[in-house]
Amino acid sequence: MVHHFGSLIAVDEVSLRIEPGETVGLLGPNGAGKTTTISMMAGLLTPDAGSVRVAGRSMLKEPMQAKRHLGLVPQELAIYPEISARDNLRFFGRLQGLRGTDLSRRVTEVLELVGLQDRAKGPAKEFSGGMKRRLNIGIGLLHRPTLLILDEPTVGVDPQSRNAILESVEALTEEGMAVLYTTHYMEEAQRLCDRIAIMDAGRVQAEGTREELVSLTGGADTITLTGAGEVAEAETAVAALPQVQQVVRDGFCLHLTVRGAAAVVTQVVTAATRAGMELEDVQISRPDLESVFLHLTGKALRD
1 MVHHFGSLIA VDEVSLRIEP GETVGLLGPN GAGKTTTISM MAGLLTPDAG
51 SVRVAGRSML KEPMQAKRHL GLVPQELAIY PEISARDNLR FFGRLQGLRG
101 TDLSRRVTEV LELVGLQDRA KGPAKEFSGG MKRRLNIGIG LLHRPTLLIL
151 DEPTVGVDPQ SRNAILESVE ALTEEGMAVL YTTHYMEEAQ RLCDRIAIMD
201 AGRVQAEGTR EELVSLTGGA DTITLTGAGE VAEAETAVAA LPQVQQVVRD
251 GFCLHLTVRG AAAVVTQVVT AATRAGMELE DVQISRPDLE SVFLHLTGKA
301 LRD
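Below, the structure written as C-alpha cells:
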C-alpha cells in the first residue's frame, strides 16, 4: 500500500498479511504511518497504489462485502453515552445486520466476553474509561469479523480493565479471529503478538516473531542512564566512546546500545558524569523488543 498527502509519502509500499487465529502487532513512533495504514485497511482511505483484501474480498472493488468481514475499534470512543451498554450493542448490531434472537444472543455473548455483563443496564456515561474501552471493543466484535483492528485499545485505562482487554484479545485469537493490534506498550506486544511489524517513516522496517526481531540487534546490550543536569552534553560524551554503537535520548534518559555492557558500564558512567549529567539510575538489559525498536527507529516507542 502507498498513500500520499500532497508531497509527503505517509505510507510507502507497506505490505501486511494476517492469518486466522494470528495477532500481528503494528508498532511505530508517532508519525510513522500506522494510522494511515489502518485507515486504508479499513476502507476509510483509498490507497494511491496497492490493494487491500479481507477474507478474499477487495476493499476497492467490493467494499461492502469486504467491510462485512472487518471490525474496527478506533482510538477515539465510538459509543452513545446516554444509553446502556446493552442498548449500544443492540443499536450497532442492527446496523451490522443482526436481528431477533441472533442479535440478543450475540449481545449477551459479547457482554460476557468484555466483562460488562454486570453493568449491561446502566448508561455508558457512568462507566470508567476502561469500561468504555471494553464496550468499544464489544461493538467491533458483534458481527463476528474475520479481521479485528484494535488501534491502541488500552490507552488511558486502569490496570484491571487493561488486563481484561488483553485477556479478551487472547480469547478471540483462540477462536480463530485475525487481529491487528497497535500499541504504545511494548509489554502488550510481547504478550499478545505472534508477529510484529515495526514501522517508521512510512515503511515497515522489520517484521517477524519476537525472536526473529531480537536477532536483528546482533546480541547487543542496552545501558539506560537516567538523571538530570547536562543530559545533552552527556549524550555527546558517551556517543564518542568506541564501545557505544548508538545513543537515543528520551527526555532525561539516555539509551545506549553496546556490546558487553558489564565491561563498559564504568566508562559510560564516568563519561556521563564528567559531562555534567547527575545520574539517578543506571540499568543494563539484554536485547528485547524495546532494544529492537530503538535500534531500527532511533526513537522510543512513545515518541
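Letter by letter, the sequence shown follows residues 1 to 303 of UniProt numbering.
From the three backbone atoms N, C-alpha and C, an ideal C-beta is built for every residue, glycine too.
Quantities reported herein were computed from a predicted structural model and do not represent experimental measurements.
Quiz item: What number of angstroms, rounded off, separates the C-alpha of residue 143 from the C-alpha of residue 97?
Solution: Whole-angstrom Cα-Cα distance: 8 Å.
Quiz item: Can you name the start and end residues of the alpha helix (DSSP H) that residue 137 belongs to?
Solution: Per DSSP, the unbroken alpha helix (DSSP H) holding residue 137 starts and ends at 129–141.
Quiz item: Since residue 259 contacts residue 243 with CB under 8 Å, what's their CB separation in whole angstroms?
Solution: The Cβ separation is near 7 Å, so the contact holds.
Quiz item: Per the contact definition of three or more C-beta pairs closer than 8 Å, is the segment 108–117 in contact with the segment 37–53?
Solution: Touching, no.
Practice problem: Could you tell me which of 44, 78, 81 and 106 sits nearest to residue 90, measuring between CA atoms? | Solution: The shortest Cα separation from residue 90 among 44, 78, 81 and 106 belongs to 106.
Quiz prompt | Backbone CA spacing between residue 303 and residue 65 [nearest angstrom] | solution = For residue 303, the predicted model reports a pLDDT of 49, less than 50, meaning its position is unreliable; a value from the coordinates is still stated below. The C-alpha of residue 65 is placed about 37 Å away from the C-alpha of residue 303.
Quiz item: Taking Cβ positions, are residue 264 and residue 279 nearer each other than 9 Å?
Solution: Result no, Cβ atoms of residue 264 and residue 279 do not sit closer than 9 Å.
Quiz item: Got a sec, what are the start and stop residues for the beta strand (DSSP E) residue 5 sits in?
Solution: 2–5 is the extent of the beta strand (DSSP E) around residue 5.
Self-check item: Residues near residue 240 by beta carbon distance below 8 Å, same chain, minus five either side
Solution: Cβ within range, chain order: 271.
Quiz prompt | Sub-9 Å separation of residue 181 and residue 150 beta-carbons | solution = Taking 9 Å as the Cβ cut-off, residue 181 and residue 150 qualify as a contacting pair.
Quiz item: What alpha helix (DSSP H) runs, 4 residues minimum, are completely inside the segment 214–281?
Solution: Fully enclosed alpha helix (DSSP H) runs of 4 or longer: 231–239 and 261–274.
Exercise. Answer with buried or exposed for residue 183, where buried requires no fewer than 16 other C-beta atoms within 10 angstroms of its C-beta.
Key: Only buried fits residue 183, as 16 or more other CB atoms lie within 10 angstroms of its CB.
Exercise. Alpha carbon to alpha carbon, how far is residue 217 from residue 16? Give it in angstroms, no decimals.
Key: Looking at the two C-alpha atoms, the distance is approximately 23 Å.
Self-check item: Distance CB(residue 158)-CB(residue 226) smaller than 9 Å
Solution: With contacts defined by Cβ atoms closer than 9 Å, residue 158 and residue 226 do not form a contacting pair.
Quiz item: If you drop the 5 nearest sequence neighbours on each side, which residues of the same chain put their C-beta closer than 8 Å to that of residue 92?
Solution: In its chain, beyond the 5 residues on either side, 139 and 142 have a beta carbon closer than 8 Å to the beta carbon of residue 92.
Practice problem: Write down the C-beta distance between residue 313 and residue 152 rounded to the nearest angstrom, noting that I regard them as a contact closer than 8 Å. | Solution: The structure shown does not extend to residue 313, since the chain is modelled only from 1 through 303, so no value can be given for it.
Quiz prompt | CA-to-CA distance, residue 200 to residue 12, given in whole angstroms | solution = Distance between the alpha carbons of residue 12 and residue 200: 10 Å.
Practice problem: Tell me the start and end of each unbroken alpha helix (DSSP H) in the segment 36–83 that is at least 4 residues and wholly inside, in chain order. | Solution: Secondary structure within the segment 36–83: the alpha helix (DSSP H) runs of 4 or more consecutive residues, fully enclosed, are 63–68 (chain order).
Quiz prompt | Contacting residues, own chain, Cβ-Cβ under 6 Å from residue 14 (five flanking each side not counted) | solution = Here the set comprises 1, 37 and 204.
Exercise. List the endpoints of the continuous beta strand (DSSP E) containing residue 147.
Key: Residue 147: member of the beta strand (DSSP E) spanning 147–151, first to last residue.
Self-check item: Proximal residues to residue 77 (C-beta, below 7 Å), its chain only, five neighbours per side dropped
Solution: Take residue 77, set aside five residues on each side of it, and the residues of its chain with a beta-carbon closer than 7 Å to its own are 132 and 136, in chain order.
Exercise. State the Cα-Cα distance for the pair residue 161 and residue 127, rounded to the nearest angstrom.
Key: Cα-Cα distance, rounded: 11 Å.
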